[in-house]
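So the structure is just underneath, and the comments pick up after that.
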Amino acid sequence: MTRKNPHRNRVRRIFGVFSRYTAPVVALSGGVDSSLLTVLCHEYYGDSFLAVTAVSPAFPDWDRDAVTELVKRFSIKHIFIETGEFQDSRYLQNEEDRCYWCRYHLFASLRGMLLSNPRFDCVFFGAQRDDLADDRPGHRAASEFGVIAPFIEAEWSRKDIIAEARARDFSWADTPPSPCLASRLVTGIRVSPERLKRIEEAEIYLRARGYQVVRVRDRGDAARVEVGREDLHRLNNNERAEIISRLQSLGFSNVEFSPEGYRRGGAARLFPASILK
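Taking numbering that gives the first Met the number 0, I'd label the letters of the sequence shown as residues 0 to 276.
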């Protein structure tokens, strides 16, 4: 009796989805999901597809570096583009629908590429089956623009994606999720390039200190630092003092540390510091 090969079964399912399309445009953010999708598209389509990355002040340097390294390693056809969310007040005001307007502009831009270049016949993005359990504004925008999620159609879960990336010995297989810098802003605090740059510099500093999972939540004039739970023990008084000093030099008047560590969606659970005064 022949044992089933999970790797082959996964790839067969995703290639079955790919077979319905000829030349996709793939949204590549630099995260594990979209990176693996891009590599799989490269294997199946060769030079017949195009990977596209949207850049803005909300896109951190470390994600840009990850994208650049990936496309160079596999010789993938790729371009960076600017989308229009930073000219849209609905995005900048940072209400609960901010993610929707970000995805709206991304998918509108990618859909526009199809209309201007008939060689491409669809747009892919890296959503997977587990995402369906959450309220993801990006799915609504994807549906409106007819954007396709091959992992969902092939019934791949997050576990499948990580297993496949590990099977291929990709160094980024276990990279923690890292959403855009705007996700660090407490809801209602206006998005601005200056605020995002301050957050980026703070997180670069903390990464350099060895924290792999880190979020600096911007609460207006205050910052809330979240690190991975496995690193909470490192935050002794001396460590905190050095971090506070650096973040205050970036313009945060007050710095606090989350005793629970990193929690997904942490910014949405906080109030701006000005409200608590």
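Don't be surprised by glycine CBs; every beta carbon is placed ideally from N, CA and C. Given the structure is predicted, the values throughout are model-derived calculations rather than measurements.
For this session: Answer yes if the stretch 138-158 comes into contact with the stretch 98-109, meaning at least three C-beta pairs across the two stretches below 8 Å, and no otherwise.
Result: yes
Exercise. Contact check, Arg-128 vs Glu-154 under 8 Å by CB: the rounded distance?
Worked result: For the purposes of this step, residue 128 is taken as residue 129 along the sequence shown, with counting starting at 1. For the purposes of this step, residue 154 is taken as residue 155 along the sequence shown, with counting starting at 1. About 6 Å; that satisfies the 8 Å criterion.
For this session: Check Val-212 in the structure and name its three-state DSSP category.
Result: Position 213 of the sequence shown, counted from the start, is the residue given in the question as residue 212. Reduced to three states, the DSSP call for Val-212 is coil.
Exercise. Going along the chain, which residues of its own chain have a beta-carbon closer than 8 Å to the beta-carbon of Leu-131, five neighbours each way excluded?
Worked result: The residue you call residue 131 lines up with position 132 of the sequence shown. Result list for Leu-131: His-138, Ile-151, in chain order.
For this session: Measure the C-alpha to C-alpha separation of Phe-119 and Ala-53 and round it to an integer number of angstroms.
Result: Position 120 of the sequence shown, counted from the first residue, corresponds to residue 119. Position 54 of the sequence shown, counted from the first residue, corresponds to residue 53. Those two C-alpha atoms are separated by around 18 Å.
Problem set entry | Helix, strand or coil at Glu-95 according to DSSP, with G and I counted as helix | One-based indexing of the sequence shown puts residue 95 at position 96. In the structure shown, Glu-95 sits in coil (DSSP, three-state: anything other than H, G, I, E or B).
For this session: Report yes or no: do three or more beta-carbon pairs, one from the stretch 214-223 and one from the stretch 89-97, lie closer than 8 Å?
Result: no
For this session: Can you give me the start and stop residues for the alpha helix (DSSP H) that Val-337 sits inside?
Result: Because the chain here runs from 0 to 276, residue 337 falls outside it and cannot be looked at.
Exercise. Say the cut is 6 Å; is the CB of Asp-32 nearer than that to a heavy atom of the ligand COA?
Worked result: Among the ligands in the structure shown, none appear at all, so the ligand COA cannot be discussed.
Exercise. How about Val-212 and Phe-256: do their beta carbons lie closer than 7 Å?
Worked result: Counted from its first residue, the sequence shown places residue 212 at position 213. Counted from its first residue, the sequence shown places residue 256 at position 257. Cβ distance not < 7 Å, so Val-212 and Phe-256 don't count as in contact.
For this session: Could you name each continuous alpha helix (DSSP H) segment of 4 residues or more that falls completely within the stretch 148-212, going from the start of the chain to the end?
Result: Those alpha helix (DSSP H) runs which fall completely within the stretch 148-212 and span 4+ residues are 149-152, 157-166, 192-207.
Problem set entry | DSSP beta-bridge partners of Gly-46 | Residue mapping note: residue 46 aligns to position 47 of the sequence shown, counting from 1. Inspection of the sequence shows that residue 46 is occupied by Asp rather than by Gly. Asp-46 is not bridged to any residue.
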